[in-house]
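Worksheet for the structure shown next.
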Amino acid sequence: MRALALSLDRVSTVLNRITLWCAVAAVLVMAMSASWQVIARYLLDAPPVWTEELSRRAMVWAGMLGASCAFRAQADPTLFPQMRDLTGRIGNLLALIRAGGVVLFATPVIWYSLFGANMNMARGFLGRSLDRQAEMIALPMIWFTAAVPVAFVLIIIHMLSGLLMQFTDQTQPGNPQEQ
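Structure (structure tokens):
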């Protein structure tokens with residue numbers, strides 16, 4: 025179990041690094057497109073129509089990916105942050121309760137992103153987005169809406185990694201020893 029915990033933690037760490045870079049890139053895209061909108065509107069008197077749409081979509085990606093990174097770093101909001109420092113049976117029990125909450129919240133989001141009524145993938149959140157076009161950018165909406173299930177899958181991976189690390193008494197993600 026220890027080898028599995030370490031392997032999953034490595035996967036989680038690599039995914040987190042990639043996700044963090046993507047979140048930063050999304051923030052930069054958002055800032056640059058919003059800046060270009062301001063420059064084009066007030067200096068050139070010719071604002072492009074796509075900048076506002078791109079800023080909104082980049083904000084969604086930045087927020088969702090950033091949320092998964094915050095979860096990995098244990099910087100997400102919690103009622104009892106001191107519980108993360110507990111070890112032994114109580115720490116394991118609290119980690120299981122937290123994991124249960126994550127599963128209860130993330131599973132329906134992932135499920136309904138994939139499946140709609142009667143297990144029809146075309147009726148799921150992503151399936152409906154596949155046929156819709158963004159208003160100002162000629163891309164299917166799935167390129168933007170995919171941020172939601174991607175972030176929740178990452179959170180599930182980080183949760184499993186943290187749970188296995190807790191149960192094998194390894195360093196927890198987000199601790200200074202990890203850096």
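Quick note: the sequence shown uses this note's numbering, first residue 25, plus one each step.
A virtual CB, placed ideally from N, CA and C, is assigned to each residue, including glycine.
Worksheet entry | Identity of the residue in LEU32, SER31, PHE191 nearest ILE114 by Cα | The shortest Cα separation from ILE114 among LEU32, SER31, PHE191 belongs to PHE191.
Worksheet entry | the region 75-89 contacting the region 156-176, beta-carbon criterion three pairs below 8 Å | Yes, since at least three Cβ pairs between the region 75-89 and the region 156-176 fall closer than 8 Å, the two stretches touch.
Worksheet item: Quick one, which of MET183, SER92, ILE166, TRP74 has its alpha-carbon nearest GLY125's?
Response: Closest option to GLY125, Cα to Cα, is MET183.
Item to complete: Would you tell me roughly how many angstroms separate the C-alpha atoms of ALA58 and PHE168, rounded to the nearest one?
Response: Cα-Cα distance, rounded: 17 Å.
Practice prompt. Identify the continuous alpha helix (DSSP H) that holds PRO71 and give its terminal residues.
Written response: Annotation: PRO71 is outside any alpha helix (DSSP H) and is labelled neither H nor E by DSSP.
Item to complete: Label LEU128 either buried or exposed according to how many other C-beta atoms from any shown protein chain fall within 10 Å of its C-beta, with 16 as the threshold for buried.
Response: By the Cβ-count criterion, LEU128 is exposed, with fewer than 16 other Cβ atoms from all chains shown falling within 10 Å of its own Cβ.
Item to complete: Use the C-beta contact count for ILE63: other C-beta atoms within 10 angstroms, 16 or more gives buried, fewer gives exposed.
Response: So ILE63 counts as exposed.
Worksheet entry | N- and C-terminal bounds of the alpha helix (DSSP H) containing ARG122 | It spans 112-138 - the alpha helix (DSSP H) in which ARG122 sits, taken as one unbroken run.
Fill in: Residue environment, VAL38, which counts as buried when at least 16 other CB atoms sit within 10 Å
Counting of Cβ neighbours within 10 angstroms places VAL38 among the exposed residues, the total staying below 16.
Worksheet item: For PRO105, which option in ALA119, VAL48, THR75 has the closest C-alpha, if you only look at C-alpha atoms?
Response: Nearest option by C-alpha distance: ALA119.
Fill in: Proximity winner among GLY151, ARG147, LEU187, ALA49, relative to MET88 (alpha-carbon distances)
The shortest Cα separation from MET88 among GLY151, ARG147, LEU187, ALA49 belongs to ALA49.
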